[in-house]
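Structure record follows, encoded as structure tokens.
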Amino acid sequence: MTNSPDFEQDEVFKDEITKVSDFKFGTTVVKVFDDMVSRSVPYYNEMQRMLGEIAADHVKEGSCLYDLGCSTGTTMIEVDKLIPSDIRFIGIDESPEMLAKCDVKLKEAGFVRPYDLVTGDLHEPLPIQNASVVILCLTLQFVRPLYRERLLRNIYAGLNPGGILILVEKVLAESTVFNRDFIKYYYNYKRRNHYSEMEISQKREALENVLIPYKLSENLLLLKEAGFGDCEVFFKWYNFSGLIAYKKS
Numbered sequence: 082m083t084n085s086p087d088f089e090q091d092e093v094f095k096d097e098i099t100k101v102s103d104f105k106f107g108t109t110v111v112k113v114f115d116d117m118v119s120r121s122v123p124y125y126n127e128m129q130r131m132l133g134e135i136a137a138d139h140v141k142e143g144s145c146l147y148d149l150g151c152s153t154g155t156t157m158i159e160v161d162k163l164i165p166s167d168i169r170f171i172g173i174d175e176s177p178e179m180l181a182k183c184d185v186k187l188k189e190a191g192f193v194r195p196y197d198l199v200t201g202d203l204h205e206p207l208p209i210q211n212a213s214v215v216i217l218c219l220t221l222q223f224v225r226p227l228y229r230e231r232l233l234r235n236i237y238a239g240l241n242p243g244g245i246l247i248l249v250e251k252v253l254a255e256s257t258v259f260n261r262d263f264i265k266y267y268y269n270y271k272r273r274n275h276y277s278e279m280e281i282s283q284k285r286e287a288l289e290n291v292l293i294p295y296k297l298s299e300n301l302l303l304l305k306e307a308g309f310g311d312c313e314v315f316f317k318w319y320n321f322s323g324l325i326a327y328k329k330s
């Protein structure tokens with residue numbers, strides 16, 4: 082994979098760290114985030130394209146589209162290409178540094194639609210209203226397990242009838258045998274994208290207490306328990322998956 086000239090290269094974990102701290106989305110990560118995610122998430126560009134076309138088929142006139150954990154705005158920029166310009170976009174992220182970078186990127190992308198960028202903690206109740214599409218792209222995995230069902234119920238309550246939640250997550254395999262294989266394949270993917278063994282190891286340690294993946298079946302159960310009716314897998318690559326959840330009424 083080649084890096085965009087607009088990306089600052091991710092070297093956060095390149096040098097040995099005596100004591101690796103928990104991963105944080107602060108200034109250091111924000112600077113390299115786009116390069117980091119493009120080299121760490123399989124089919125990331127295709128995934129973004131899929132989010133756009135799925136959202137386009139479900140967004141309703143006069144409603145809002147929410148991107149929870151919007152980071153630097155890549156998803157909003159991709160979805161913007163396919164969504165009517167009168168639909169308001171609302172990006173929520175707990176990192177002010179991420180939102181500042183997001184605002185710059187949206188302006189550079191020539192955004193003409195109305196949008197709001199809101200600092201918000203997904204562990205707390207969120208003001209989701211009049212939503213036809215809510216996106217959680219690689220975000221729920223960073224929410225502490227105790228609060229995930231409440232967040233999904235919050236989203237469900239804020240969705241209009243016929244609205245959808247698009248959820249993309251890193252997941253565990255249903256079987257521990259396959260889980261070991263999938264992790265191996267994933268680290269091979271990172272090696273192909275020029276991450277060193279030290280970078281892979283140190284980032285894994287930094288994420289250990291921060292990113293807590295569920296099995297695909299556990300995520301489906303969470304969605305059902307939150308009230309969603311039809312749920313469907315639209316993307317799967319070893320230990321990454323994408324789900325659509327539909328609110329009937």
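The working numbering applies: residue 82 is where the sequence shown begins, and numbers increase by one. Ideal Cβ positions, reconstructed from N, Cα and C, are used throughout, including at glycine. Here the structure is a predicted model, which means the values were calculated and not measured.
Ends of the beta strand (DSSP E) at residue i?
i    : result
F316 : 312 to 318
A326 : 321 to 327
K251 : 240 to 253
F263 : No beta strand (DSSP E) contains F263, which is instead part of the alpha helix (DSSP H) from 257 to 273.
L132 : Run containing L132: none in the beta strand (DSSP E); it sits in the alpha helix (DSSP H), 125 to 139.
I173 : 169 to 174
C145 : 145 to 149
Report the residue from the options whose alpha carbon sits nearest the alpha carbon of residue i.
i    : options                : result
Y266 : W318, L248, L303       : W318
R231 : L248, H204, I209       : H204
T141 : L302, P165, G133       : The amino acid at residue 141 is misidentified as Thr; the sequence shows Lys. With distances taken between Cα atoms, K141 lies closest to P165.
R229 : D116, V118, F315, E299 : E299
N260 : L297, D167, D138, M117 : L297
L292 : I173, T108, L324, P226 : P226
D116 : S152, T257, N211       : S152
T108 : P177, K284, P242, R194 : P177
K112 : G143, G243, K186       : K186
S144 : D167, M128, I135       : D167
L288 : N274, V224, T257       : V224
I135 : M279, V258, L248       : L248
Answer yes or no: do residue i and residue j have a C-beta to C-beta separation smaller than 9 Å?
i    : j    : result
P206 : V252 : no
E175 : T200 : yes
Y125 : R169 : no
R120 : Y276 : yes
K188 : F114 : no
L304 : L324 : yes
G172 : L180 : yes
G154 : D202 : no
Can you name, in chain order, every residue of its own chain whose Cβ lies under 8 Å from the Cβ of residue i, other than the five neighbours on each side?
i    : result
Y237 : L246, A307, G308, F309, K328
R130 : E159
L240 : I209, A212, S213, V215, L246, K328
E255 : K296, L297, S298
H139 : S213, V214, G243, G244, I245
Tell me the residue span of the alpha helix (DSSP H) that contains residue i.
i    : result
S121 : 108 to 121
V215 : Run containing V215: none in the alpha helix (DSSP H); it sits in the beta strand (DSSP E), 212 to 218.
R225 : Counting along the chain, R225 falls outside any alpha helix (DSSP H), and DSSP gives it neither H nor E.
T200 : Note, T200: premise wrong, no alpha helix (DSSP H); beta strand (DSSP E) at 196 to 200.
L207 : Segment: none, L207 is in no alpha helix (DSSP H) and carries neither H nor E.
Below 7 Å CB to CB, which residues in the same chain sit around residue i once its five sequence neighbours on both sides are set aside?
i    : result
S322 : E250, V252, L297, V314, F316
G133 : E159, V160, K162, L163
D311 : Y327
I98  : Because the pLDDT at I98 is just 47, under 50, the model does not fix this residue reliably, and the point stays unresolved.
L233 : L303, L304, A307
G118 : Checking the displayed sequence, the identity of residue 118 turns out to be Val instead of Gly. Counting only Cβ-Cβ distances below 7 Å, and skipping sequence neighbours, we find Y125.
N235 : P206, L207, I209
Skipping 5 residues on each side, what residues in its chain have a beta carbon closer than 6 Å to that of residue i?
i    : result
K271 : I281
F263 : A254, Y319, N320
S330 : P242
V122 : none
Validate contact between the region 140 to 153 and the region 208 to 222 using beta carbons, cut 8 Å, 3 pairs: Contact between the region 140 to 153 and the region 208 to 222 is established, with three or more Cβ pairs separated by less than 8 Å.
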